[in-house]
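S.K.: Here you go, one structure.
Pasting the structure below:
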């Protein structure tokens, strides 16, 4: 009975969602020129960044990104708080499955490659697809792999904490520096260089690298916390 | 003017990132730093409020891009008023819990203060941002802090409350994203002022669908009737000061977001009536639920929801007077309900079940807390000469000027219900005999200071409501004047064509 | 013809994303297991992300990344803004999911069940 | 060709979603969710959103799934019996 | 100066509380000072017509006193100060006295404030302060707090909110809060409002003056408050309702077309109140309850007078209001004194105190005579004028009802007097002493006041006349005799004086008789000393004659008393709570259900968006 009601309700919701979005193709947006054209234009002309998404995420809407890393930071902190127990079994990790030697060896082999890929992705965030989030998450998956493969692989919580704190602090400080140098928070105050160079785009790659570090540390810490959640 | 709007967000973020490091140096810093940050936010926003009152709206662009392209922060009389209120309440809550949380282990205490600070920062962000997606991000910041704070105590039913909150919060963010998607797909912009200036171009059907999704998404934060099931649980299970923070800070941000949508962003004619109806239903359902409660904080929670309903009724009247009344109500509620939560949680501090009947006779043992609770009760039911009366009066006059007699009658009937349940508690505090096995918990000095500041404000506003009327008048005029808002935000850069 | 194909593509993507949203909501509203509910919510998230990306898509679009020599491809570039939004939204969604799951673990510790109908100590 | 691919993926994705919600074994449901994320990531790539695709692949496929699995391991594996059953442990061992 | 009075009151209230922490005597002194000093300032420095205005969040407020208010201020201030003196010994040894005294001061301040208010906002503010300060007094002794206290406050709140609704409607129509503006522009309101506003206001005032369907709080609250306060509560505070009612009845109701019906209804409600209150008073065994119901009944008379609204009726009503303040204040003080000395106020337990507490008895006797309306004391004048005005305005049925009620009132008067003071002396009360002088003097003063006003009603008729003139009645200065056959052409009191002399003679006779008889050897018997029948009563049987005192009479009127309105209110309240218990079940506690609500919410809005959003 409840399921029937829910299906009916969802049918209505779905109808209106379809109604709102399906016609879009037929009629098109009412405002032809949105902010995107400006972004596409300025990304090349002023920021000298190849990846428009990077320029949006880090520069045009950099404040969102700051908020977002905060959300991640808060989630990691919250996880620790929610799963907090007085007597925490430090060092004991719940093992999902014992890994075979092949997996271990493969993980060991892959791990540096994955981390390197991640670093590459976030360093070249302004030139090619990818960036801080992507690179950070890739690095985190690398750590995840290691954590799963080796029972005794451990990451220092303090180091993670240092990395995430410093990355966050420097992100905000870069914002302040922009304020000090250019007048607005997170303003791109460094010279932008030439397009498609590694060193271009002013603070964009720097901030994105910070984001990468922060996301990587955050996610690794998060996984680490959850993995250490022993069944009581 | 001390600071600038962006510092209200950036400084707490910086502090939040620093606290884990600083905590390694000296553990007490974990408790002190948030207080300093909140104090700074309070002072800064108060001074900016003064600046705004004299010199007009501050628009702060971020990352060097003008309004429609970059994100901008709007510090208008309305947002300044709300930001000041929130940061002030945040500071009070910090002050109250400073030593309250001393007996808690280091790790949770660290988290408690970070989350408290981020709760305030997120709520302030919701209010001062000028961009709908940015607002969404701040709603999430506030949300995650709130979930974590709700689940702060292990061993109670706090995880249950937190999970309900999170479930609703997830629905809320989905609805918000869908609404943002509709808006963006039609107008190609995310800036509130830009949307407001172009919304008339949007076909009515899409517009209303977007508005409905927004209403649902924000309604969950603003605790309107069918969406507020999480609220009483979260208020009840969260630590006492956090209940105060929810009532004084988070809900206010939700209400702000809602009215900003309805008044500024959308030009939909029936939206006011919807607000009015929803507000009335919320008011009635919540207050009738409150009268049957057995737990003190849960009763206060329902009462708080009901008051929010009243705020929506006042907004729904739709006139300048109505908005003024609503803001006045928000101000009073933001002062009085935290006082009730703080003193109430002090009263039931040592009882296990936190039942209302466990406050019996505590007036003798904790006279100061009890007096403040009674003062809060008197004020919230709108007895003169306390603060609540003036806001209730202004709501009623605003409604009367529009000829809404039935609504006046309903509001007053509900007020009678409110009186019944608040006075039942006050009677118990003063005129019943204390349960023998209950040891009253004397409030600590900082808690006393926090509560008496709130009590003093109630008396000051009660005896001379004119101290706040200028600010409120400016704020309400600001909310009503959409063209001015658009002009303020978009004045620096020219609006996008057509 | 090409336009028609594009229309069909749009319908397909929108239909897919909306059905994902609805399926997720269905799970969140009817399943009794907390984990299923969280799965439902994450499916809803996925649907919304696809929806946002689909909004930005243009016919025969290219990724909004400039490569040397193709600076004039601006007209064919897909809208980068929804992509930026989705990037943010994915991370936020993950954060919320993680918190939700940790709460599920807490609830299980406390109630020894995952049935949502059983977990209602707080009511009325 | 492009369209067929997209449609195929979408149908697969919806199928995976339905499978995820009807499957009583939560572990399979979670893996189906991971599959949804994987397909989403492919779709993002097809829709010219490589950045999003990267993120979705890393977060949706790897991290979310692993957190779900850890949760299931700490709680129960089957949707219908809500009591603790050591199925998962025995299954993975 | 006007501000100063209120500042002293407020500061006095706060200081009283604080000084109680230092020393009780200091507290008593501060308390009396904060009552007396503003009162003196008021009578010395404030003149009628003197106003101060200020503005608060856009409302123009104005304070000042007019003649009608001046008349009522005699009741408030006079009774307040006397009760203040009385309170100090009466309350000795109770807990939380600082709280009591500061509330006391606040009550007096708020009542004076009501009289001072020339605008509706300050009127309402003072009204509410009066309500909650009296509420705190009702629950002060902690008996039946949840029942009686909440009932009192809920009814007060209903009244106050009805009034508030009227006030905001007036403001929306008038854009002014001044009472004078209301009176001057009332004629231009549309008929619906002309009916709605007075009715709402009358509900507000009716609650405080214990008018029939709204009276249920009165008995409990009057009897539960400390007696030192009840004398004001019943004597002065209820008069605030009358004060408001006079304004409505005189200034607004005549303007309403067909407003005649409103008058009649209120008059009948008043009469029913009088009858019901009297009958219930007769049935009581507890002095406090008896006086409480008696107050309800007396207020009923006053309401009848106000509602009928001819000049004579208004004169009668206002006169009775003053008289009621005097004698009811005295009677509650008497009860308080008896209760303090014996520990109970139940007639079936306390008897024969006449020798133990002679001065108290004297005060009680005089007040009872005034209450019953026997010449020469003041009650008679009021009642006479009321009858005359009712007959004069052809309200014959009403007059019969009132007459029945006031005849029945003799019964409870007798019961009160006899129950406490006359009858056998029980050993149990042999140790009882006279109350302290500080308690006896105020009540004697009040009782003496009833005597003076009975003999020389002209004293108070002047201020009443001034007040009435201000309300728009034709001047009756020096022409009272034309209004009532009670007065002759000399203007004030001459016709009464022969009666007075006759009465004094009778008194003297009885006094001599009693004294002589008292010297004789009298055999005193106790209640257990029953020689008339063979049955020996058991020890625990209460054989005091007050038990089932008016049994036959009560049996006769039983059908009338069976329908207790209280019961309906209680059932309504229970029904509402059951309903609320049902509605709150929408919060099922299941998170999924809440999520479902959210979806239902959105679906409803989406489905009806065309109608809801006016597309």
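Residue numbers (this note's numbering), protein chains in the order written: chain B, 1 to 232; chain G, 233 to 730; chain S, 731 to 854; chain E, 855 to 947; chain A, 948 to 1562.
Note that beta-carbon positions come from the ideal geometry of N, C-alpha and C, so glycine has one too.
#1: Quick check: is any heavy atom of the ligand ATP less than 8 Å from the C-beta of residue 751(S)?
#2: With a 10 Å radius around its C-beta and 16 neighbouring C-beta atoms as the bar for buried, classify residue 1511(A) as buried or exposed.
#3: Among residues of its own chain, excluding the 5 on either side of residue 7(B), which ones have a beta-carbon nearer than 7 Å to its beta-carbon?
#4: Counting contacts by CB-CB distance shorter than 9 Å, is residue 564(G) in contact with chain A?
#5: From the beta carbon of residue 874(E), is the nearest beta carbon of chain S less than 9 Å away?
#6: Compare the C-beta of residue 225(B) with all C-beta atoms of chain A and state if any pair is closer than 9 Å.
#7: Return the first residue and the last residue of the beta strand (DSSP E) that residue 1011(A) is part of.
#8: Quick one, which residues of the segment 682-704 of chain G are near chain S if we go by CB-CB under 7 Å, in chain order?
#9: Could you have a look at residue 841(S) and say whether DSSP puts it in helix, strand or coil?
#10: What does residue 846(S) touch in chain A if you count any residue whose Cβ is under 8 Å from its own?
#11: Decide if residue 396(G) is buried, meaning its Cβ has at least 16 other Cβ atoms within 10 Å, or exposed.
#12: With distances taken Cα to Cα, identify the nearest neighbour of residue 608(G) among 579(G), 366(G) and 571(G).
#13: Does residue 999(A) come out as helix, strand or coil in the three-state DSSP assignment?
#14: Against chain S, with Cβ distances strictly below 9 Å, would residue 1543(A) count as a contact?
#15: Expressed to the nearest angstrom, what Euclidean distance is found between the alpha-carbon atoms of residue 266(G) and residue 354(G)?
#16: Thinking C-beta only, is residue 1075(A) closer than 9 Å to residue 615(G)?
#17: For residue 1125(A), list the residues DSSP reports as bridge partners.
#18: What does residue 75(B) reach in chain G if we use C-beta pairs closer than 7 Å?
#19: By Cβ distance below 7 Å, which residues in the same chain neighbour residue 320(G) in space, the five residues on each side in sequence not counted?
#20: Check whether the Cβ atoms of residue 376(G) and residue 834(S) lie closer than 9 Å to each other.
#21: In chain order, what residues of the same chain lie with their CB nearer than 8 Å to the CB of residue 185(B), ignoring the 5 residues before and after it?
#22: Could you tell me the distance, in whole angstroms, from the CA atom of residue 1534(A) to the CA atom of residue 848(S)?
#23: Between residue 234(G) and chain B, is any beta-carbon pair separated by less than 9 Å?
#24: Contact criterion: CB-CB distance below 9 Å. Does residue 764(S) meet it with respect to chain B?
#25: If you count every other CB in all the chains shown that lies within 10 Å of the CB of residue 916(A), and 16 or more means buried, which is it?
#26: Could you compute how far the alpha carbon of residue 144(B) sits from the alpha carbon of residue 703(G)?
#27: What number of angstroms, rounded off, separates the C-alpha of residue 776(S) from the C-alpha of residue 874(E)?
#28: Nearest chain S C-beta to residue 252(G) closer than 9 Å, yes or no?
#29: If the criterion is Cβ atoms closer than 9 Å, does the pair residue 903(E) and residue 734(S) meet it?
#30: Return the Cβ separation of residue 502(G) and residue 1548(A) in integer angstroms, given the expectation that the two are a contact with Cβ distance under 8 Å.
#31: For residue 1203(A), which three-state DSSP category applies?
#32: Report all residues from its chain with a CB closer than 6 Å to the CB of residue 743(G); omit the five preceding and five following residues, and keep chain order.
#33: From residue 633(G) to residue 547(G), what does the alpha carbon distance come to, in whole angstroms?
#34: Establish whether the CB of residue 497(G) and some CB of chain S are separated by less than 9 Å.
#35: Within its chain, find whatever has a CB closer than 6 Å to the CB of residue 221(B); leave out the 5 residues flanking it on each side and keep chain order.
#36: Are the Cβ atoms of residue 1034(A) and residue 1175(A) separated by less than 9 Å?
M.R.: Short version:
#1: This structure lacks the ligand ATP, and indeed carries no ligand of any kind.
#2: Burial state of residue 1511(A) is exposed, judged by a 10 Å Cβ sphere holding fewer than 16 other Cβ atoms.
#3: none
#4: Using a Cβ-Cβ cut-off of 9 Å, residue 564(G) does not count as an interface residue toward chain A, since no Cβ of chain A sits closer than that to its own.
#5: yes
#6: No, no contact with chain A.
#7: 1006-1011
#8: Those would be none; no residue qualifies.
#9: helix
#10: The answer, in chain order, is 1537, 1538 and 1539.
#11: buried
#12: 571(G)
#13: Secondary structure at residue 999(A): strand, using DSSP grouped into helix, strand and coil.
#14: It does; some Cβ of chain S falls within 9 Å.
#15: 14 Å
#16: yes
#17: 1066(A)
#18: 376
#19: 274
#20: no
#21: 63, 175, 176, 178 and 179
#22: Roughly 15 Å separates the two Cα atoms.
#23: no
#24: no
#25: The structure shown does not extend to residue 916(A), since chain A spans only 948 to 1562, so no value can be given for it.
#26: 54 Å
#27: 13 Å
#28: no
#29: For the 9 Å CB-CB criterion, residue 903(E) and residue 734(S) do not form a contact.
#30: No, residue 502(G) and residue 1548(A) are not in contact; Cβ-Cβ is about 16 Å, not under 8 Å.
#31: Looking at residue 1203(A) - three-state DSSP - the assignment turns out to be coil, as it is neither helix nor strand.
#32: Because chain G here runs from 233 to 730, residue 743(G) falls outside it and cannot be looked at.
#33: 14 Å
#34: Taking 9 Å as the CB threshold, residue 497(G) stays off the interface with chain S.
#35: 76 and 160
#36: yes
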